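To start, the structure itself, in structure tokens.
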Amino acid sequence: MSLLEQIKTSGDIKKLSRKELPLLAAQIRNRIIDVVSKNGGHLASSLGAVELTLAIHYVFDLPKDTLIWDVGHQAYAHKLLTGRNQQFDTLRQYKGISGFTKMKESDYDGFTVGHSSTSISAGLGICYAKDLNQDDSDVISVIGDGSMTAGLAYEGLNQAGDLKRKLIVILNDNDMSISANVGALSSYLSRTLSAKYLQSMRNQFGAFLKSLPKIGEDMYGIAKRWEESFKTFVTPGMLFEAFNFDYFGPIDGHNLDHLIDILTNIKNPDSPVLLHVTTTKGKGYAPAEKNPVYFHGVGSFAVDTGKSNKVTDCVPSYTQVFGTHMVRFAKTNKTIVAVTAAMPEGTGLTEFSKLYKDRFIDVGIAEQHAVTFSAGLASKGLKPVVAIYSTFLQRAYDQILHDVCIDAHPVVFAIDRGGIVGEDGPTHHGLFDFSFLRSMPNMTIMSPMDENELARMLLTAINHNGPIALRYPRGKGQGVEIQQEIKPVEIGKGRVVQEGADLMIIAIGQSVAEAVLAAKELALKGICATLINARFVKPLDTALLVEKADRIKKIITVEEHVLAGGFGSAVMEMYADKGITGLQFKRIGIDDKFVEHGPQEILKKDYGVDADAIVKAGLELAGFDLDLNLTGSNLLGFKTDGIKKDA
Ligand SMILES: Cc1ncc(C[n+]2csc(CCOP(=O)(O)OP(=O)(O)O)c2C)c(N)n1
Numbered sequence: 012m013s014l015l016e017q018i019k020t021s022g023d024i025k026k027l028s029r030k031e032l033p034l035l036a037a038q039i040r041n042r043i044i045d046v047v048s049k050n051g052g053h054l055a056s057s058l059g060a061v062e063l064t065l066a067i068h069y070v071f072d073l074p075k076d077t078l079i080w081d082v083g084h085q086a087y088a089h090k091l092l093t094g095r096n097q098q099f100d101t102l103r104q105y106k107g108i109s110g111f112t113k114m115k116e117s118d119y120d121g122f123t124v125g126h127s128s129t130s131i132s133a134g135l136g137i138c139y140a141k142d143l144n145q146d147d148s149d150v151i152s153v154i155g156d157g158s159m160t161a162g163l164a165y166e167g168l169n170q171a172g173d174l175k176r177k178l179i180v181i182l183n184d185n186d187m188s189i190s191a192n193v194g195a196l197s198s199y200l201s202r203t204l205s206a207k208y209l210q211s212m213r214n215q216f217g218a219f220l221k222s223l224p225k226i227g228e229d230m231y232g233i234a235k236r237w238e239e240s241f242k243t244f245v246t247p248g249m250l251f252e253a254f255n256f257d258y259f260g261p262i263d264g265h266n267l268d269h270l271i272d273i274l275t276n277i278k279n280p281d282s283p284v285l286l287h288v289t290t291t292k293g294k295g296y297a298p299a300e301k302n303p304v305y306f307h308g309v310g311s312f313a314v315d316t317g318k319s320n321k322v323t324d325c326v327p328s329y330t331q332v333f334g335t336h337m338v339r340f341a342k343t344n345k346t347i348v349a350v351t352a353a354m355p356e357g358t359g360l361t362e363f364s365k366l367y368k369d370r371f372i373d374v375g376i377a378e379q380h381a382v383t384f385s386a387g388l389a390s391k392g393l394k395p396v397v398a399i400y401s402t403f404l405q406r407a408y409d410q411i412l413h414d415v416c417i418d419a420h421p422v423v424f425a426i427d428r429g430g431i432v433g434e435d436g437p438t439h440h441g442l443f444d445f446s447f448l449r450s451m452p453n454m455t456i457m458s459p460m461d462e463n464e465l466a467r468m469l470l471t472a473i474n475h476n477g478p479i480a481l482r483y484p485r486g487k488g489q490g491v492e493i494q495q496e497i498k499p500v501e502i503g504k505g506r507v508v509q510e511g512a513d514l515m516i517i518a519i520g521q522s523v524a525e526a527v528l529a530a531k532e533l534a535l536k537g538i539c540a541t542l543i544n545a546r547f548v549k550p551l552d553t554a555l556l557v558e559k560a561d562r563i564k565k566i567i568t569v570e571e572h573v574l575a576g577g578f579g580s581a582v583m584e585m586y587a588d589k590g591i592t593g594l595q596f597k598r599i600g601i602d603d604k605f606v607e608h609g610p611q612e613i614l615k616k617d618y619g620v621d622a623d624a625i626v627k628a629g630l631e632l633a634g635f636d637l638d639l640n641l642t643g644s645n646l647l648g649f650k651t652d653g654i655k656k657d658a
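Put into structure tokens, the structure is as follows:
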């Protein structure tokens, strides 16, 4: 039985001698590489944190002590050491274990995460609660240097330094976010490299001084004192000490002995402590060390070569189409500036960043700042396109409302990963954007049915003189041809895809494709549907929808979004406000629950937002006697009969 197989709980590691730990680390790495090569996942970050994870489990008494991993994407070794080795093959798979830490999954997961930079605030809260409960156990928050680019991390540090609770923060510094880390803090932290160099110089100089006859020891003492203050000056200690943290480091985060010694020393501190460890992203797997950006979040690959198993797909993804058209439009429109919050690759802006260096800005993991920064750019005549995943844009609610919408600054929000994203699960699905944007005055919201419409909408957004959001899904497009000459769409106008007298399906974004499939299926059953590609969530094409509802009273709205406050709600509200009565309504969307992780197609079915769900709703509305087994579905029957014309 391998060492890893012998470990059933965190406590079992303590039974091993220190000498056995490197072998355990190697077994953990192999297991991670093996599973991620099949399932995909966050490989490089997890490989970089193996020794750190082992040392923490070796020294602390988990789960009595609380361990919080920031983002939680680097916690695969932690999962393997906490009773999840057997299930690890199901990592990120449907009904399998999550790719992040999750309190519901294990008592060893101190906090549920996925979005970055929460670990210090959450850890401090847990410290405070433990104090009130007279619980003396430790709280350890592990945060990466990339995650330290978010303001939230400093709000936590600031409060921690003031409350002086015994929080242990471990800064896992690999000099990388997903891409190269950015910002002043990053260059501040990388001074440690020169500090390391200086240290070795000092050691040599110290040995030389000591060797001097008679005066050598005295000189060495003076030089040593000077060295202490010098070291503080050149290492990041000063910054964290200003927050009232005791700073230790930087130390090599792959040296198990050092890690264990220092963690043992700082265990159970009297006041906040920050331990700075330096690690190598992708450590122990050559392809990942060489290309940590690619192996940050990777699909399945061949272990021996590191090459992707993905068959080349001729159909571009929505992200790629966005990226190529940004490049295209920026060539002639010099006001276009692209802004990303630490996701240049993920948002398709790599090419743009190379071609238009001055007009590309990566602000770090700082979505709030990205939005207000963009408002500033827009206020001076530039056309910022701020590309952020739907789920991360949630962070910037107030900045969109207060800093962009009040003065109607023409900021374009390119909202990628709108809808169900798949294996990253509930922390990452982009299911709330229509709702939170829809209530904001001055905001326009659109969503394309295919990649050609995405290109057209991007141009529409760039031409628009006000805040405008363009929301598109993860994954490849519909395979349609993209026109050579891109024409903008008309704001607030939907498009009739097909006419039919029996019912009306009004769909938005990627749901239009599902609706097309459903309409075909319904036609086979003799039900002819009018199908509308709404294009806009705001403003709705009221004229078109009212005109159609004059004749067609059975209506289905479809969106890959939560039902609450979403597209269907907007349509219903509009009909109610217009006093249109006698409608039979079904809204297809996500019910009031979080969507778990798994393949997009399966989740769409499970949560009732696929073509089948539309067909069922259509048959029901058409009065078919269905033996409906709606478990896991959310077909909502809704009649607006009660609404009076003059209400
Ligand atoms: C609010 C938010 N924005 C963006 C992301 C996407 N994201 C996941 S990990 C990561 C980089 C984190 O860098 P770091 O903390 O240094 O960890 P590393 O992967 O380098 O170990 C980013 C940008 C996120 N999880 N949360």
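Start counting the sequence shown at 12; every next residue gets the next number (the working numbering). We put the beta carbon where it would ideally sit given N, CA and C, even for glycine. All values reported here derive from a predicted model rather than from experimental measurement.
- Excluding the 5 residues flanking it on each side, residue 579 has same chain C-beta neighbours closer than 7 Å at 568, 570, 598 and 600, in chain order.
- CA-to-CA, the gap between residue 313 and residue 304 works out to about 17 Å.
- Runs of the beta strand (DSSP E) spanning 3 or more residues and lying entirely within the segment 543–578 occur at 547–549 and 565–573, in chain order.
- For the pair residue 294 and residue 136, the CB atoms are not nearer than the 8 Å cut-off.
- By the Cβ test, the segment 484–501 is in contact with the segment 461–468, since at least three Cβ pairs between them sit closer than 8 Å.
- Relative to the Cα of residue 65, the nearest Cα in the group 265, 406 and 461 belongs to 265.
- The shortest C-alpha to C-alpha distance from residue 299 to any of 93, 444 and 43 is the one to 43.
- Contact check for residue 508 against residue 543 passes: the beta carbons are separated by less than 8 Å.
- The DSSP-derived three-state label of residue 182 is strand.
- Within the segment 318–386, complete beta strand (DSSP E) segments of at least 3 residues are found at 347–351 and 371–373, given in chain order.
- In this structure, the alpha-carbon of residue 561 lies about 15 Å from that of residue 517.
- In the DSSP annotation of this structure, residue 257 is not part of any alpha helix (DSSP H); the continuous beta strand (DSSP E) holding it starts and ends at 257–263.
- The way I'd put it, the segment 139–146 doesn't touch the segment 243–263; fewer than three beta-carbon pairs between them come closer than 8 Å.
- A Cβ-Cβ contact shorter than 8 Å links residue 412 with residue 451.
- Apart from the 5 residues on each side of it in sequence, residue 194 sits with its Cβ closer than 6 Å to the Cβ of 160 and 375 in its chain, given in chain order.
- Counting along the chain, no alpha helix (DSSP H) covers residue 190, and no H or E run does either.
- Take residue 399, set aside five residues on each side of it, and the residues of its chain with a beta-carbon closer than 6 Å to its own are 352 and 378, in chain order.
- Distances from the CB of residue 156 to the heavy atoms of ligand 1 include at least one below 7 Å.
- Around the beta carbon of residue 62, 16 or more other beta carbons sit within 10 angstroms, so the residue counts as buried.
- Residue 348 and residue 133 have their alpha carbons spaced roughly 35 Å apart.
- Leaving aside the five residues that flank residue 331 on each side, the residues in its chain whose CB is nearer than 6 Å to its CB run, in chain order, 359.
- Assigned with DSSP and collapsed to three states, residue 87 falls in helix.
- Checking the 7 Å criterion, the Cβ of residue 379 is out of range of every heavy atom belonging to ligand 1.
- Closer than 7 Å to some heavy atom of ligand 1: that does not describe the Cβ of residue 302.
- With a 10 Å radius around the Cβ and a threshold of 16 neighbouring Cβ atoms, residue 455 comes out buried.
- The nearest non-hydrogen atom of ligand 1 is less than 7 Å from the C-beta of residue 59.
- One thing to note: residue 591 has its Cβ no nearer than 8 Å to the Cβ of residue 515.
- The beta carbon of residue 80 sits closer than 6 Å to those of 86, 112 and 153, all from its chain and outside the five residues before and after it, given in chain order.
- Cα atoms of residue 142 and residue 106: separation of roughly 37 Å, rounded to the nearest angstrom.
- In terms of Cβ geometry, residue 419 and residue 477 form a close pair [threshold 8 Å].
- In the DSSP assignment, residue 173 falls within the unbroken alpha helix (DSSP H) covering 162–174.
- For residue 515, the enclosing beta strand (DSSP E) begins and ends at 514–518.
- Judged by beta-carbon spacing, residue 448 lies within the 8 Å limit of residue 480, meaning their Cβ atoms are closer than that value.
- In this structure, the alpha-carbon of residue 316 lies about 22 Å from that of residue 356.
- Contact between residue 100 and residue 47 does not hold, since their C-beta atoms are separated by about 11 Å, which reaches or exceeds 8 Å.
- By the Cβ test, the segment 387–394 is not in contact with the segment 438–446, since fewer than three Cβ pairs between them sit closer than 8 Å.
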